[in-house]
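Accompanying notes for the structure given below.
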Amino acid sequence: MMNLLIQHIWGVYIAIYLFLGGMGGGGMVVSYYFCCRRNDNKLAVISAITSLIIVIIGVLFLMLDLEKPEKFYLVFVSPHLNPHSMIFIGSSILTSFITFGLLFVTAIEFKWPSFLGKIISLLPWYGNRSFTSAMGILASIAGFLTAFYTGVLIGVLKSAPFWHTPALPLLFVASAFSTGVVGVLLVNETIGIMAPKSERHKYQEYCSILGEWDAILISIELLIIFTYIFLFTYGPEEAEASVYLLTTGSLAPWFMGGVVTMGLAIPFLLEYWHIFSESRGGKPSCALPIIAAILVIIGGLILRYVVLSSGVMTIFLPPS
Amino acid sequence: MMNLLIQHIWGVYIAIYLFLGGMGGGGMVVSYYFCCRRNDNKLAVISAITSLIIVIIGVLFLMLDLEKPEKFYLVFVSPHLNPHSMIFIGSSILTSFITFGLLFVTAIEFKWPSFLGKIISLLPWYGNRSFTSAMGILASIAGFLTAFYTGVLIGVLKSAPFWHTPALPLLFVASAFSTGVVGVLLVNETIGIMAPKSERHKYQEYCSILGEWDAILISIELLIIFTYIFLFTYGPEEAEASVYLLTTGSLAPWFMGGVVTMGLAIPFLLEYWHIFSESRGGKPSCALPIIAAILVIIGGLILRYVVLSSGVMTIFLPPS
Amino acid sequence: MTKYGMVIDLGSCLGCGACIAACDFENQTPWEEGKRRTHVPEFIFGEYPNVERLFVPRLCMHCEDPPCVAVCPTGASYKNEDGVVLVRYDMCIGCKYCVVACPYNARYVDERKHAIDKCTFCYNNRVSQGREPACVESCVGGARIFGDLEDPNSEVYKLIHSGEAVPLRADLGTHPKVRYIFRRKKREGD
Amino acid sequence: MTKYGMVIDLGSCLGCGACIAACDFENQTPWEEGKRRTHVPEFIFGEYPNVERLFVPRLCMHCEDPPCVAVCPTGASYKNEDGVVLVRYDMCIGCKYCVVACPYNARYVDERKHAIDKCTFCYNNRVSQGREPACVESCVGGARIFGDLEDPNSEVYKLIHSGEAVPLRADLGTHPKVRYIFRRKKREGD
């Protein structure tokens, strides 16, 4: 069909935004786990801060993509505000994510560097355990919603049938948690390297836990991707064209190579190998999960890009 | 719109078939886990047999729904055989599931009751560990494919937009694993009750593991259902009508009451309560997970029925 | 090669149901609502006083890319050499997958045959002997036009290639060979 | 109340592009491909010797249920009291969500305005002063017919209510107020 159009308006910037929003949102949930289920405040604080920074950088990319970044405030205060717009809903979610995230981070009992420590210790909620836990839960919910919203933003659009499917938010959520987990894995390794030798085994254990989680999340992601692609080979025509673009067309190197192989299959094998050698009684280093983590992050970014670039639409059907 | 039609050709029998196919397929994977990861051959054998029987009963329901059950063999040997038909593909999957399942079950080292034991012990592969493991993996793959196929069967149909979405096979797979897990949980409890007191703690531990798995699976299922329903409130019109039917229309008592509340939310809370009281150092009985299991199974059956009954189609759009 | 098709001019359909009766008689279909090969549902659009009434006769669309054939496991449903979608009753096991898959609701279970049945364009009993389908011959208003879509001199060819006769649910990509002219006759005062 | 709409008769479109030029001049749109308020893509169907050529002029469909308005966070995109979909340029932050959401590809970024722009039916500059949109007035073949869809005496009302003029992608449920007559003029020998 000659009358298929491919959307090209939302490109790399929005892809980065969707990716970072997911990764930061997912990372916050993992931070909560380490804070309030594992009582490892150091890892929790640094992961949560990293997640916050990631989301904030994401928002900056969204702003950079605007034609009038200086008027972004209109999203909240326009006299004609549209509360049903996903951009308004998403901005509200992001705002609450940043708010709860900051409250959570500053509430955790943690030895902050000198000057910062003095300020934070003055905060009335600093070190309050139940407040920490409550804010952690709220920040996690907001993190989940941030990740979910990045998929819904695209999923509600009817212009391209390949986008308008519940599978899209599900895929983005799975990818968000996967990238969030490996993000914390990298934070964990950075802390572990600088930690005294006596503490290293703890970070090694965390590395294995996070690697195992990621392997499960990758399996789910692969299942979603397979189902997504497979079902749309049965039409509609526009979605078939999207599938063609991704699997054998111009986006195939990015999707089949970058996302499926490099970003999912190889990391899964690396993580599986790590788990396997550990189950054999070995004490493997975190090397394999770290390589996997880097690949997963690159793959997650490419995923957002190829989904945006594969929105095919038809404006009219030939009459006969 | 007055020209919406609801499909009513596939009813309770096919719903039972789809449900039992999923539950048996999922249950086989869990059986494999207990056989070859936990070395609990008793639980594995009885779970695997139960899963096989469940799937076979499912196939009987499919046959009962046929107009000419006696000609079912044509699916495999028709001179005009259509290898792309999901019914042919599904029948092949079911055949391999039953084959690998039987090989798996008869290979496991297990004290079968007298007469049966004599026959099975004559089989050349009986007690062969690597054969058991290989057949267990193949039966698990076939079990997964059985569960997946029950969703694909409906998902490839373009007649009702609410069906033609990757979310449908994903939902059916999640539900299949959930019902499979709780099926094994019930088998486990039956064995546990008859076991000598000294062994009971083992079955109690299994109960907790299975309950926890199910709680995770239910969370995933609820996320899929929420996304599924939410995205289709954004159209197309036929799918909006399906959503209406399920959430506020005539199917709402079944879907919102039977599936979401009774079949998912309440079981989740029961399982969560069990996990929670255990994490507090308690040694709770398996009572709550068992109640949850029964509710999950009923809910899973209703889920298949309401999905079949909510296929809304439009044959023509009014011209102006 | 022949490729049979039909054009239905909605402006000429009176909703009399002669086509239903003729088809029932010709093909001896079950005398039961929902088990007919053609039917003529009525639709009412708009709100008083701008109300319009439309009869939309329906039958199997004899799609070029028929979903019913794609899902049939045994090949009982097939498209013949003249583009007509038919059922081999002896091969049909009655799984009803085709009934569920058809987006035009054109199929039903015939309990006497223990098989799925549907419109055949009267292929075996009339068309192959040079006659028109029963519904076409019996149409009081001349709303149904039958012919060869490959023959540039046929009326159906002209109506379709002029863009006047359009398919239902073209978005499904099934390429129906039954087309509709939607221009409606208006009553006085409209 | 007025509800403006347009009917485009594809049989009368020559593909000359006068509408594009008139619109560009009238509305001072960016002189750039893909940044125009109306365009006239050409489509070729079929295979030799049965080839058909069709120009399908496009512009904003001024949907009754516009997806662009639904997604706009600031209310910059809106439907005015006469059913025309417009942009408040000062409220537009240029998030481009509407551009991605529009299934008719009717919107573009105007870098000079730092805002999204689109066809206005020439509402402020012509229609509100009793004139027709520039594309309509300039159409050589008279293919574009503009008028009030609520007025039973208008030509657009008659063409739409006769069922002749149909929407593009009716399946999307956006209820476009631009409609098309698909009957195509044929050359000799067809």
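In order, the protein sequences belong to chains A, B, C and D.
Each position in the first sequence, counted from 1, maps to that position plus 7 in the working numbering.
Each position in the second sequence, counted from 1, maps to that position plus 7 in the working numbering.
Each position in the third sequence, counted from 1, maps to that position plus 16 in the working numbering.
Each position in the fourth sequence, counted from 1, maps to that position plus 16 in the working numbering.
Quick reminder that beta carbons are idealized off the backbone N, C-alpha and C, glycines included.
Because the structure is a prediction, the values reported are computed rather than measured.
Compare the C-alpha of A:A272 against each of A:I309, A:E228, A:V250 and name the closest.
A:E228
Taking C-beta to C-beta, are B:I63 and B:I105 nearer than 8 Å?
yes
Quick one: using the 10 Å Cβ neighbour count with 16 as the cut-off for buried, is D:E171 buried or exposed?
exposed
Quick check: is the beta carbon of C:V125 nearer than 8 Å to any beta carbon in chain B?
yes
Look up C:E68 in the DSSP assignment and say whether it is helix, strand or coil.
strand
Under 7 Å (Cβ pairs) to chain D, residues found in the segment 293-314 of chain B
Listed by position, the residues of the segment 293-314 of chain B near chain D (Cβ gap below 7 Å) amount to none.
Residues of chain C with a CB under 9 Å from the CB of A:T242: which are they?
It is worth fixing the name first, because residue 242 of chain A is Gly in this sequence and not Thr. Those are L188, G189, listed as they occur along chain C.
What does D:F61 pair with, by DSSP beta-bridge criteria?
D:E68
Take D:G33 as the anchor and find which of D:E68, D:A122, D:N43, D:G157 has the nearest alpha-carbon.
D:G157
Taking C-beta pairs closer than 8 Å, name the residues in chain B that A:W163 reaches, listed in chain order.
First, the residue type needs correcting, since residue 163 of chain A is Val and not Trp in the sequence shown. In chain order: L238, Y241.
Select from D:L26, D:E49, D:K95 the residue whose C-alpha is nearest the C-alpha of D:T18.
Per the C-alpha coordinates, the member of D:L26, D:E49, D:K95 positioned closest to D:T18 is D:K95.
Under DSSP, the alpha helix (DSSP H) around B:D72 begins and ends at which residues?
48-72
Through-space distance from C:H55 to C:N43, alpha-carbon basis
14 Å
Would a check of beta-carbon distances place C:G179 closer than 8 Å to chain D?
yes
Proximity test, Cβ basis, 8 Å: D:T90 and chain A
Yes, D:T90 counts as interfacial toward chain A.
Beta carbon of C:I132 nearer than 8 Å to that of B:L81:
no
Per DSSP, which one or two residues make a beta bridge with B:L12?
B:M320
Interface flag, D:F198 vs chain C, CB-CB below 8 Å
Output row for D:F198: interface = yes.
With distances taken Cα to Cα, identify the nearest neighbour of C:C111 among B:L109, B:S92, B:V52.
B:S92
Cβ pair C:L175, C:I197 closer than 8 Å:
Yes, Cβ-Cβ distance for C:L175 and C:I197 is below 8 Å.
Answer yes or no: does any C-beta atom of chain C fall closer than 8 Å to that of B:L12?
yes
CA-to-CA distance, B:Q14 to C:P83, given in whole angstroms:
So the two alpha carbons sit approximately 16 Å from each other.
Own chain, CB closer than 8 Å to A:L2, minus 5 neighbours either side, in chain order:
As shown, chain A starts at 8 and ends at 327. That puts residue 2 of chain A outside it, with no answer to give.
For D:I60, does the count of other Cβ atoms within 10 angstroms reach 16, so buried, or fall short, so exposed?
exposed
Give the C-beta separation of A:L123 and A:L59 to the nearest angstrom, bearing in mind that I take them to be a contact with Cβ-Cβ under 8 Å.
Rounded, the Cβ-Cβ distance is 14 Å, inconsistent with contact.
B:R136 lies in the alpha helix (DSSP H); which residues open and close that run?
Start and end: 136-162.
Quick one, which residues of the segment 130-147 of chain D are near chain A if we go by CB-CB under 9 Å, in chain order?
H130, A131, I132
Beta-carbon within less than 8 Å of D:F41's beta-carbon, same chain only, minus the 5 sequence neighbours each way: which residues are those?
A150
Rounded C-alpha distance that separates D:Y113 from A:S103:
22 Å
Going by C-alpha to C-alpha distance, which of A:Y40, A:F323, A:S249, A:L193 sits closest to A:A141?
A:Y40
Excluding five sequence neighbours on each side, which residues of the same chain lie with their C-beta closer than 7 Å to the C-beta of C:L30?
The answer, listed in chain order, is V156, G157.
State whether the segment 188-202 of chain B contacts the segment 47-55 of chain B, with contact taken as three or more CB pairs (one from each stretch) at a distance under 8 Å.
yes
Report yes if the C-beta distance between D:K193 and D:M77 is below 8 Å; otherwise report no.
yes
Taking the DSSP output, what are the residues bridged to C:K95?
C:V101
For A:S85, does the count of other Cβ atoms within 10 angstroms reach 16, so buried, or fall short, so exposed?
buried
Could you tell me whether any Cβ in chain B is nearer than 8 Å to the Cβ of A:Y235?
yes
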